[in-house]
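> The structure under discussion is supplied below as structure tokens; questions concerning it will follow.
Protein chains: 2
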Amino acid sequence: MSTKPSKTAITPTRAEDYPEWYQQVIRAADLAENSPVRGCMVIKPWGYALWENIQQALDAKFKATGHQNAYFPLFIPKSFIEKEAQHVEGFAKECAVVTHSRLEADADGKLVPAGELEEPLIVRPTSETIIGEMFSRWVQSYRDLPLLINQWANVVRWELRTRLFLRTAEFLWQEGHTVHATQKDAMEETLRMLDIYADFAENYMAMPVIKGRKTAHERFPGAEETFCIEAMMQDHKALQAGTSHYLGQNFARSSNIRFQNEQGELQYAHTTSWGVSTRLIGGMIMTHADDDGMVVPPRLAPQHAVILPIYRDDAARAEVLAYCKSLQAELAAATFHGLPVRVTLDDRDMPGGAKGWQWIKRGVPLRIEVGPRDIASGSVFVARRDTGEKKSQPRGEFVATVAAQLQAIQDNLLARARAFRDTNTRVIESKDEFYAYFTPKNKEKPEIHGGFALAHWNGSSAIEEQVRADLSVTIRCIPLDGDLTPGTCIFSGEPSHQRVIFAKAY
Amino acid sequence: MSTKPSKTAITPTRAEDYPEWYQQVIRAADLAENSPVRGCMVIKPWGYALWENIQQALDAKFKATGHQNAYFPLFIPKSFIEKEAQHVEGFAKECAVVTHSRLEADADGKLVPAGELEEPLIVRPTSETIIGEMFSRWVQSYRDLPLLINQWANVVRWELRTRLFLRTAEFLWQEGHTVHATQKDAMEETLRMLDIYADFAENYMAMPVIKGRKTAHERFPGAEETFCIEAMMQDHKALQAGTSHYLGQNFARSSNIRFQNEQGELQYAHTTSWGVSTRLIGGMIMTHADDDGMVVPPRLAPQHAVILPIYRDDAARAEVLAYCKSLQAELAAATFHGLPVRVTLDDRDMPGGAKGWQWIKRGVPLRIEVGPRDIASGSVFVARRDTGEKKSQPRGEFVATVAAQLQAIQDNLLARARAFRDTNTRVIESKDEFYAYFTPKNKEKPEIHGGFALAHWNGSSAIEEQVRADLSVTIRCIPLDGDLTPGTCIFSGEPSHQRVIFAKAY
Chain A
1339 MSTKPSKTAI TPTRAEDYPE WYQQVIRAAD LAENSPVRGC MVIKPWGYAL
1389 WENIQQALDA KFKATGHQNA YFPLFIPKSF IEKEAQHVEG FAKECAVVTH
1439 SRLEADADGK LVPAGELEEP LIVRPTSETI IGEMFSRWVQ SYRDLPLLIN
1489 QWANVVRWEL RTRLFLRTAE FLWQEGHTVH ATQKDAMEET LRMLDIYADF
1539 AENYMAMPVI KGRKTAHERF PGAEETFCIE AMMQDHKALQ AGTSHYLGQN
1589 FARSSNIRFQ NEQGELQYAH TTSWGVSTRL IGGMIMTHAD DDGMVVPPRL
1639 APQHAVILPI YRDDAARAEV LAYCKSLQAE LAAATFHGLP VRVTLDDRDM
1689 PGGAKGWQWI KRGVPLRIEV GPRDIASGSV FVARRDTGEK KSQPRGEFVA
1739 TVAAQLQAIQ DNLLARARAF RDTNTRVIES KDEFYAYFTP KNKEKPEIHG
1789 GFALAHWNGS SAIEEQVRAD LSVTIRCIPL DGDLTPGTCI FSGEPSHQRV
1839 IFAKAY
Chain B
1339 MSTKPSKTAI TPTRAEDYPE WYQQVIRAAD LAENSPVRGC MVIKPWGYAL
1389 WENIQQALDA KFKATGHQNA YFPLFIPKSF IEKEAQHVEG FAKECAVVTH
1439 SRLEADADGK LVPAGELEEP LIVRPTSETI IGEMFSRWVQ SYRDLPLLIN
1489 QWANVVRWEL RTRLFLRTAE FLWQEGHTVH ATQKDAMEET LRMLDIYADF
1539 AENYMAMPVI KGRKTAHERF PGAEETFCIE AMMQDHKALQ AGTSHYLGQN
1589 FARSSNIRFQ NEQGELQYAH TTSWGVSTRL IGGMIMTHAD DDGMVVPPRL
1639 APQHAVILPI YRDDAARAEV LAYCKSLQAE LAAATFHGLP VRVTLDDRDM
1689 PGGAKGWQWI KRGVPLRIEV GPRDIASGSV FVARRDTGEK KSQPRGEFVA
1739 TVAAQLQAIQ DNLLARARAF RDTNTRVIES KDEFYAYFTP KNKEKPEIHG
1789 GFALAHWNGS SAIEEQVRAD LSVTIRCIPL DGDLTPGTCI FSGEPSHQRV
1839 IFAKAY
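Going down the list, the protein sequences come from chains A and B.
Letter 307 of the first sequence, counting from 1, is numbered 1645 in the working numbering, and no numbers are missing.
Letter 497 of the second sequence, counting from 1, is numbered 1835 in the working numbering, and no numbers are missing.
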């Protein structure tokens, strides 16, 4: 299996056709596929295991910060979604509407919808309104606050153009919903969760992100402030990877969430909501995968390592498998970030080359080949997925350092992604330079171009709209960290508070 | 808090009004509540934590037997659900039908469904048909088998009469779906999962169950054989707590799941499906809760123990809280079935009596009171939820034996439930005795009566139907274990293969 074919495992390559490369990586890594239900994906075991690892890590962080999980209805009555004007405006345009409660044979014996509902139900696109209704019953006094709830759930948005993981009609996510006595408490919560998302993206997904605030134009419908983490994909586009909203008293008013304060006065509460979704898996693919397939960051890998036994005949087979099994047991006894090392032994009866390539395409961090010669020399032949580096190591040394080797991969992925982002981030000082940066050289077949543009902007929505219309470029965020010095808007010459990040985006 | 009020914490008691008692236990324990969406429940944090613990335990068992999790679409096209005749017959009568893809303002500015779909979609009531479609793409050769998949998901059945946890329009569950080359392999899988459910019910939920096979009448729509676990609730009714179906080649034919066998011949596969749901929480309540509220089996308890600090003034408060915190740390370092003991310190500023009763009603297995006198004597005052027993124990001894004390509660709950079931199970030899057993003495206000009747039956569906019409009693299962000797049907005098279990049921 060590012989790399002259061409790449994924066709086309990123440079040849980036969107198609993305689909092919997902197929080659067996992560997900399209279903016969328009826009809905099937998440296959290797992809779902990534989601389970994401869930486990985030859930522990949510619980460590005092949040509890609960579960709310899938359906939202039409009258609820209508309660908040901006909210319904944002979600009514694309939602699944349940109108009937059974199928019944018509005169021709054909099954048709029957049992029309008095009020249509919307399949939740997000749950502020239904959760708000419950919160209004649960919150009476300042003693009930803060109320810190999270839900793991599926949601549906009837998107017209879908793409596996990045934009699907149904997706899986978590949505945090919290209630606070004061604006200060709610804003602290909003930023606390943003920090948790940023920490998770960088230290688990190895995906560097920029924390920032959205412009009014890009806010969540009904929010006072939307904060986000933005990452750069390998085609230089931005991916919004998580959002955290300070909702002010908007939903408290529309859902009547009130509490008696310490002085006995009735007040509207301040609420927040925050979420990340299976979109993160799309982000992981577009941050780390290469022209040979997926590359999984070790902390989220369904398997940290695969053992590949190599033998020519049945006599060798027994010896090699016994050696592999004891190696597997030793590795599984080691820990990586407090959890047992996940190692699988692939003893399927199939050609070694094809088998090895399957694991490369799936992106398993370490591949360990064991044949009679390795056994004779008490060693293992180890390949790193991120760098492609392969070397023979004494068995004992490998077992003793497996966690360190996994961490080295984790660190390298983050460093590589950060370097990539920094290389493709440009401080831009003029409108001409800005337009040139975001214009492909070849309009017939646009090459990968542009990136993050750090530019001064006067705060005008009209300029945002113009740039979007001209270049499909939007303000991804107003960064919270970094260079926050004022300057002059490159479009208008007017004063600017700080540089903001412009990019094309998913 | 040790003074028990003369009346019970739950009104009415089980004896007074069992169905209302059930609702009140759920309310008092803060497990769930009805939502404004008809038939859909909100699972509150204490109830959801039970579900998380159920998920964690079962998921480990599924994975240990080679199953992998995946995720399939929420929606099923109408044409898919129609593929299997019995299946659509079983589910079309009550299902949520999505017919439109947006809401739009009509001439009066009122939002109405718009964007009618070409084909209506059903919100999944179960996923055999959509998963079967995917499996038909994934299975090509005998080498792809067995295919062992599980999904954790929400499902919707538009039930007319709903009851929290037991029967709700939306519920959470897991559904296993597997594909095998032979009937033998598929039947082994069906029974393996039944065994896992039975083991889980008895050893985690402390709920004794009878494993059996359903009559043709009670089978899953489309199954060749349905196996189940049946438990007895405290009103002597049966609860079907889990089912495992051998689907034969029915769904393989309707979904075209075929594989090439070792001889190169194309064959239809044999499939299975199996599931348990949030209904298990209803079973747990009705098995263990008492007239003071919920009683949680320790292996699934969100908290194994609560520490309740007792003090009169601020000086004592600091000392007591410090003692409690160190006790909490010591207990959390102990393990129960390989997991850390879950112990919470409730230092809320509220009257001790009310606080203690909250935890009784929630059913936490151990309550630990700590006051200045306990500190002085180096002891803790521990109350067991299951027996109500309270005693002072030396602190060190308590910490050293906490796992054993939790296991004693777990064992007692199972033994108690088993004794209850056995007491209310009767071997019945005549039709008259049978009718008397299932007829309440007072028809105006039916008392709790009946139970499990072990009776001989000739296999006739007509008799099943008669008994159901007369008494609302059904055959819960044809047991797999126990007395399997033949005899004479008590209704017809005809030969019977073995005794079956009759009961009223949820």
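Where is the CB? At the ideal position from N, CA and C, for every residue including glycine.
1. Go ahead and pull the three-state DSSP assignment for A/K1416.
2. Taking CB distances under 7 Å as the criterion, tell me whether A/T1412 reaches chain B.
3. Mapping DSSP to helix, strand and coil, what is A/S1834?
4. Scan the region 1691-1740 of chain B and note each continuous alpha helix (DSSP H) run of 4 residues or more that stays entirely inside, going in chain order.
5. If the cut is a Cβ gap below 8 Å, which residues of chain A does B/Q1406 touch?
6. Determine, for A/R1501, whether the minimum Cβ-Cβ distance to residues of chain B falls below 7 Å.
7. How long is the line joining the alpha carbons of A/Q1406 and A/L1486, rounded to whole angstroms?
8. Hey, quick one: how far does the beta strand (DSSP E) through A/T1549 stretch, first residue to last?
9. In terms of DSSP beta bridges, what is B/V1380 paired with?
10. Buried or exposed: which applies to B/L1604, given that a residue is buried once 16 or more other Cβ atoms fall within 10 Å of its Cβ?
11. Among B/D1819, B/C1378, B/I1381, B/L1792, which residue has its Cα nearest to the Cα of B/V1811?
12. With a cut-off of 8 Å, do at least 3 Cβ pairs link the region 1738-1753 of chain B to the region 1765-1774 of chain B?
13. Kindly indicate if chain B contains any beta-carbon less than 7 Å away from that of A/Y1409.
14. Got a sec: is the Cβ-Cβ distance from B/R1472 to anything in chain A below 7 Å?
15. With 16 as the cutoff for other CB atoms within 10 Å, does A/R1733 come out buried or exposed?
16. Residues of chain B with CB closer than 8 Å to the CB of A/P1415, please, in chain order.
17. Between which two residues does the alpha helix (DSSP H) carrying A/P1689 extend?
18. Look at the alpha carbon of A/K1779 and the alpha carbon of A/G1789, and state the distance between them as a whole number of angstroms.
19. With a 10 Å radius around its C-beta and 16 neighbouring C-beta atoms as the bar for buried, classify A/S1299 as buried or exposed.
20. Are there three or more Cβ pairs, one per stretch, closer than 8 Å when the region 1611-1626 of chain A is compared with the region 1372-1389 of chain A?
21. Taking 8 Å as the limit between beta carbons, can you name the residues of its chain near B/E1497, skipping five residues before and five after?
22. Which of helix, strand or coil does DSSP assign to B/L1775?
23. Tell me which residue opens and which closes the beta strand (DSSP E) that B/H1438 is part of.
24. Can you find a C-beta in chain B that's less than 7 Å from the C-beta of A/A1430?
25. Look at the Cβ atom of B/S1582, then the Cβ atom of B/F1565, and state whether they are nearer than 7 Å.
26. Whole beta strand (DSSP E) runs in the region 1601-1639 of chain A with 3 or more residues, listed along the chain?
27. Comparing alpha-carbon positions, which option in A/I1645, A/K1693, A/Y1480, A/F1413 lies nearest A/E1668?
28. Using a Cβ-Cβ distance under 7 Å, would A/E1803 count as near chain B?
29. Does any C-beta atom of chain B lie closer than 7 Å to the C-beta of A/N1391?
30. In or out: B/S1465 buried (at least 16 other Cβ within 10 Å) or exposed?
31. Given a threshold of 16 other Cβ atoms within 10 Å of its Cβ, counted over all protein chains shown, does B/R1711 qualify as buried or as exposed?
32. Count the other CB atoms, across all protein chains shown, that sit within 10 Å of the CB of B/D1749; report buried if there are 16 or more and exposed otherwise.
33. Could one say the Cβ of B/D1434 lies closer than 7 Å to chain A's Cβ atoms, at least one of them?
34. Find the residues of chain B that neighbour A/R1700, judging by a C-beta separation of less than 9 Å, and give them in chain order.
35. Verify the CB distance criterion: does B/R1617 have a CB-CB separation below 7 Å to chain A?
36. Within 10 angstroms of the Cβ of A/S1340, are there 16 or more other Cβ atoms? Answer buried if so, exposed if not.
This is what the structure gives:
1. A/K1416 carries a helical assignment under DSSP once its states are collapsed to helix, strand and coil.
2. One point to set straight first is that residue 1412 of chain A is Leu, not Thr, in the sequence displayed. Closer than 7 Å: yes.
3. Strand, per DSSP.
4. Those alpha helix (DSSP H) runs which fall completely within the region 1691-1740 of chain B and span 4+ residues are 1710-1714.
5. Chain A residues near B/Q1406: P1383, Y1386, A1387.
6. Output row for A/R1501: interface = no.
7. Near 6 Å, if we compare the C-alpha coordinates of A/L1486 and A/Q1406.
8. Correcting the residue type first, residue 1549 of chain A is Lys in the shown sequence and not Thr. Residues 1548-1551.
9. Under DSSP, B/V1380 shares a beta bridge with B/E1371.
10. B/L1604 comes out exposed.
11. Comparing alpha-carbon positions, the option among B/D1819, B/C1378, B/I1381, B/L1792 lying closest to B/V1811 turns out to be B/L1792.
12. Fewer than three Cβ pairs drawn from the region 1738-1753 of chain B and the region 1765-1774 of chain B lie within less than 8 Å of each other, which leaves the two stretches out of contact.
13. Interface residue, yes.
14. The question names Arg, but residue 1472 of chain B is Met in the sequence shown. Yes, B/M1472 lies at the interface with chain A (some Cβ there is under 7 Å from its Cβ).
15. With a threshold of 16 other beta carbon atoms within 10 Å, A/R1733 meets it and is buried.
16. Identification of chain B residues near A/P1415 by a Cβ-Cβ cut-off of 8 Å yields P1374, V1375, ordered along the chain.
17. In this chain, A/P1689 is not harboured by any alpha helix (DSSP H), its DSSP state being neither H nor E.
18. Taking the straight line from one Cα to the other gives about 14 Å.
19. The question about residue 1299 of chain A has no answer here: the residues shown for chain A are numbered 1339 through 1844.
20. Because the criterion of three Cβ pairs below 8 Å is met, the region 1611-1626 of chain A and the region 1372-1389 of chain A touch.
21. For B/E1497, where only same-chain residues beyond five positions count, the Cβ hits under 8 Å are G1377, E1432, R1505, T1506, A1507.
22. The amino acid at residue 1775 of chain B is misidentified as Leu; the sequence shows Tyr. Helix at B/Y1775.
23. Membership of B/H1438 in the beta strand (DSSP E) is indicated by the continuous run 1435-1443.
24. By the rule that beta-carbons nearer than 7 Å mark a contact, A/A1430 touches chain B.
25. For the 7 Å CB-CB criterion, B/S1582 and B/F1565 form a contact.
26. Restricted to the region 1601-1639 of chain A, the beta strand (DSSP E) segments that are unbroken, complete and at least 3 residues in length are 1604-1606, 1608-1615, listed in chain order.
27. Comparing Cα positions, the closest option is A/I1645.
28. Output row for A/E1803: interface = no.
29. Not closer than 7 Å to any Cβ of chain B, the Cβ of A/N1391 fails to qualify, so no.
30. With a threshold of 16 other beta carbon atoms within 10 Å, B/S1465 meets it and is buried.
31. Exposed, since its Cβ has fewer than 16 Cβ neighbours within 10 Å.
32. By the neighbour-count criterion, in which a residue is buried when 16 or more other Cβ atoms sit within 10 angstroms of its Cβ, B/D1749 is exposed.
33. Going by the sequence as given, residue 1434 of chain B is Ala instead of Asp. So, interface residue.
34. Chain-ordered listing is empty here: chain B has no CB closer than 9 Å to the CB of A/R1700, the nearest sitting near 13 Å.
35. Judged by the 7 Å Cβ criterion, B/R1617 is not in contact with chain A.
36. Because A/S1340 sits at a pLDDT of 47, beneath the cut-off of 50, its placement in the model cannot be relied upon, and the point is left open.
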